[in-house]
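Okay, so the sequence shown: first residue is 0 according to numbering that gives the first Met the number 0, each after it adds one.
All C-beta atoms in this analysis are idealised placements derived from N, C-alpha and C, irrespective of residue type, glycine included.
Contents: one structure, followed by commentary.
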Amino acid sequence: MIYIDASATTPPLESVIDRIKEIQLEYWGNPSSIHNIGISSAFILEESRYRIAQLINSKPEHIIFTSGSTESIDLAITSFTQLISPGRIVISSVEHPSVKSAAKKLQSKGWEVLYWPVDSLGNVIISKLDELLSPPTKIVSVCWAQGEIGTIQPIHLIGKECSKRNIIFHTDATQVLPQGLISWNELPVDLMSFSAHKFRGPKGVGILLCNDKLLDKFGSIFSVNSQERGIRPGTQAVPLIAGMSLAMESIHGHITCNINGTNFPETSVTRLTRKLRNELAFIENLVYTGCPENRLPNHISFLAINNSKIPISGRKIVRLLSKKSICVSTGSACSIALGADSEILSAIGFTKEYCKSGIRLSLGSWLKDSQLENVPRLIDETINTL
């Protein structure tokens, strides 16, 4: 199998699996227990937290361990608003379903929800900024990178503007962190969420990053719980956290983000992605989606059409390619199983007939050049059979 669906999940590193097994067998105690077995587990937990903090240039106390991005997002949007009177939340119209779900929870509690529109490439329309960030906006959530079409958003600019207005700013960085390590303390972001399984770590564990301002302002939300500074209740999954820490050490290069945008490190994955994109150019039946330049460096997305310019079902293409041992996707793994029209393609202006024909190829470090040699030809042949 040739797996080209890194945006959905990634194969865990063998070293990560070994580390999880070691911790599970030798440090299985509850890290909140005060006896020796618990203390040994707590040491692994805090050692992992400290190591991750070093890697992403944060304070250890900024790191809140969760079960993954979805929980991190929900905590960021719903839990941190419990001590704020209802106002307005602004989210982009190309957010992951988990962000939209969290926003709807606030809506049921009296909050107004506004969607930040995007252009045909998936970029938030910056000219709307002053209007959307005016009172009573109290929280903004804009994804750093859109997982279905690859477009990168100007989070540094948005974060700075939110800070000026004392607005909480959350960004979903799930698709970004696999592309390079971040420098958290240099970002104008209050809350950031991501998952380990996107960068060859285990499933079931992730992080919510929270800056000093919010930790000091909100204090303990779940006051009856002692885990994770009282912000996230439940016994920490120490083996998974240790595995995540090790997986993060395997991320190559550093991402720079400033007022001019986001720059990704040059890696073997980015080079392989460019080569594959160039080799797909001969296929006339592809309509590329997302921003051509300002996008995830491991990401290729397009719509498939037949010779009569009629859209082809993306699900059909995925199934046929899978029979040929090539694994790709039609978009977010959290929504494609439903078979519904793509809300992301709709948001960037495609009509209903095109919103089921999206295809996404997302590459990872396990792929070799030789594995991808026949992929363009097989994609072309598959489209021509439909």
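In the same chain as Lys315, and ignoring 5 residues on each side of it, the C-beta atoms closer than 7 Å to its own belong to Leu385, in chain order.
Just measuring C-alpha positions, the residue of Leu302, Lys351, Leu176 and Ser324 sitting nearest Pro296 is Leu176. Contact between Asp73 and Ala102 fails: their C-beta atoms lie close to 10 Å from each other, not under 8 Å.
In the DSSP assignment, Met191 forms a beta bridge with Thr170 and Leu208. With fewer than three CB-CB distances shorter than 8 Å, the segment 104-111 does not count as touching the segment 121-131. Excluding the 5 residues flanking it on each side, Ser244 has same chain C-beta neighbours closer than 6 Å at Ser47, Arg50 and Ile51, in chain order. For the pair Gly260 and Ser39, the Cα-to-Cα distance works out to about 43 Å. The alpha-carbon separation between Ser6 and Thr173 amounts to approximately 9 Å. The C-alpha of Gly357 lies about 50 Å from the C-alpha of Ser32.
Using a Cβ-Cβ distance cut-off of 8 Å, the segment 240-256 and the segment 110-121 are not in contact, since fewer than three pairs of beta carbons, one from each stretch, lie closer than that value.
By a beta-carbon distance limit of 8 Å, Arg18 does not contact Ala195. Their separation comes to about 12 Å. Just so you know, the alpha carbons of Ile254 and Trp365 end up roughly 21 Å apart. If you compare the alpha carbons of Leu371, Leu239, Asp215 and Val286 with that of Arg199, the shortest gap goes to Leu239. Taking 3 residues as the minimum length, the beta strand (DSSP E) runs contained wholly in the segment 338-371 are 357-361, in order along the chain. Excluding the 5 residues flanking it on each side, Ser312 has same chain C-beta neighbours closer than 8 Å at Lys355, Ser356 and Leu385, in chain order.
Distance from the CA of Ser71 to the CA of Phe193, rounded to the nearest whole angstrom, comes to 7 Å. As the crow flies, the alpha-carbon of Leu44 is around 14 Å from that of Gly233. For the segment 44-118, the continuous alpha helix (DSSP H) assignments of 4+ residues that do not extend past its boundaries occur at 68-77 and 96-106, in sequence order.
When rounded, the separation of the alpha-carbon atoms in Leu156 and Trp143 is 11 Å. Relative to Asn284, the option among Pro116, Leu54, Ile309 and Thr69 whose CA is nearest is Ile309. Rounded to whole angstroms, Asn293 and His34 show a C-alpha spacing of 52 Å.
Rounded to the nearest whole angstrom, the C-alpha separation of Glu352 and Asp379 is 21 Å. Contact between Ile1 and Ile325 is confirmed by a C-beta separation of about 5 Å, below the 8 Å threshold. Restricting attention to beta strand (DSSP E) runs no shorter than 3 residues, the segment 257-292 encloses them at 260-262 and 285-287, ordered along the chain. Contact annotation: the segment 50-68 touches the segment 201-208, with at least three C-beta pairs closer than 8 Å. Val93 places its beta carbon less than 9 Å from that of Gln145. Ranked by Cα distance from Ser341, the options Glu147, Gly86, Ile90 and Ile3 are led by Glu147. Shown here for Gln370: same chain residues with a beta carbon closer than 6 Å to its own, the five before and five after excluded, namely Ile1 in chain order. Cβ contact annotation for Thr77 (same chain, cutoff 8 Å, sequence separation greater than five): Ala101, Lys104 and Leu105, in chain order.
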